[in-house]
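Participant:
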Amino acid sequence: MSKRISHSLIDPWLGPKFKAAYPHLHIPHRFPPEGIIAVGHVSALLGGIGFAFAGATWWGGFFAAAGVFGNHFADCLDGTHARSTGQCRNGGELLDHFTDPISFCYWMIGLAIACGRMELGIALVMILMATAVLTNIKTKMINEFTLATFGPTEFKALLSGFGLFLSIWALTQGTTLLPMIMLWTAVVLVVVGVIQLIVNLVIAVKEVNAKGSAPDTSEWNNTRSAA
185 MSKRISHSLI DPWLGPKFKA AYPHLHIPHR FPPEGIIAVG HVSALLGGIG
235 FAFAGATWWG GFFAAAGVFG NHFADCLDGT HARSTGQCRN GGELLDHFTD
285 PISFCYWMIG LAIACGRMEL GIALVMILMA TAVLTNIKTK MINEFTLATF
335 GPTEFKALLS GFGLFLSIWA LTQGTTLLPM IMLWTAVVLV VVGVIQLIVN
385 LVIAVKEVNA KGSAPDTSEW NNTRSAA
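In the working numbering, the protein residues as written are 185 to 411.
Here it is, written out as structure tokens:
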């Protein structure tokens, strides 16, 4: 199992509060942690739907914020429940890490739908998937899973706050400018996403060269004979 290192700004403050709420939820002992992952993923999907409607309704932003928050709440609880009930499984961790980037994709697609610019949504999804692949490959090569100072938790907090902002704006100023606000938000996310991806790629290459084990020089073990 790889080492886990977090430089997160919010996790040290938010994580303990979420874990402290776990005993009060009275989740059945036999309920699988994978079920909590599924609940969090459904919450993420609902958040994406909220973002899709946030440019034209007052409730879309609230829906989006609740979906993002619910996803993160479940993301914090699945591991706690697994450890508390002795149900830690590699498959559960795989599902957790597999669904995380997909959840972000729902929100980015919803944002693109709201501003009517699907090309921005495609760009954001590509950036997210490239970042996820880079993170997983680096983790495999140096046996260390690292969360950045501005990582998934901070991004979720930003998106949740943005959802609340959209709803408050809709209630106080109307929805006329919301598509434009969401458009420029998507543009900024694309620009920042590309920059951080390039920077993190350069850092990752240097890191695996410095910390990784000896390069793999073995040949492929082909299971099929040549024709």
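Beta carbons are placed, not taken as given, at the ideal position from N, Cα and C, and that holds for glycine.
1) Helix or strand or just coil, what does DSSP make of ARG301?
2) In the DSSP assignment, find the unbroken alpha helix (DSSP H) run with PHE334 in it and report its ends.
3) Kindly identify the DSSP beta-bridge partner or partners of LYS187.
4) The alpha helix (DSSP H) spanning PHE257 covers which residue range?
5) Please classify THR319: does DSSP put it in a helix, a strand, or coil?
6) Cutting at 7 Å between CB atoms, please list the residues of its own chain near CYS299, excluding the five before and the five after it.
7) Use the C-beta contact count for VAL374: other C-beta atoms within 10 angstroms, 16 or more gives buried, fewer gives exposed.
8) Of the choices ARG408, LYS324, ASN255, ALA316, whose alpha-carbon is the least far from that of ALA332?
9) Check whether the Cβ atoms of TYR290 and LEU229 lie closer than 9 Å to each other.
10) Taking its Cβ as the centre, do 16 or more other Cβ atoms sit within 10 Å of THR401, making it buried, or is it exposed?
11) Using DSSP with H/G/I as helix, E/B as strand and the rest coil, what is HIS213?
12) Counting only the same chain and skipping the five closest in sequence on each side, list residues whose C-beta sits under 7 Å from that of PHE215.
13) Counting only the same chain and skipping the five closest in sequence on each side, list residues whose C-beta sits under 7 Å from that of ILE211.
Facilitator: In short:
1) Coil, per DSSP.
2) PHE334 -> no alpha helix (DSSP H), and no H or E assigned at all.
3) LYS187 pairs with GLU328.
4) For PHE257, the enclosing alpha helix (DSSP H) covers residues 243-269.
5) Of the three classes helix, strand and coil, the one that applies to THR319 here is helix, per DSSP.
6) Around CYS299: GLY239, PRO363, MET366, LEU367, ALA370.
7) When all chains shown are included, VAL374 counts as buried.
8) When each option's Cα is compared against that of ALA332, the closest is ALA316.
9) Their beta carbons are under 9 Å apart, which means TYR290 touches LEU229 by this criterion.
10) Exposed, because fewer than 16 other Cβ atoms sit within 10 Å of the Cβ of THR401.
11) It is coil, neither helix nor strand.
12) Around PHE215: no qualifying Cβ.
13) For ILE211, where only same-chain residues beyond five positions count, the Cβ hits under 7 Å are HIS265.
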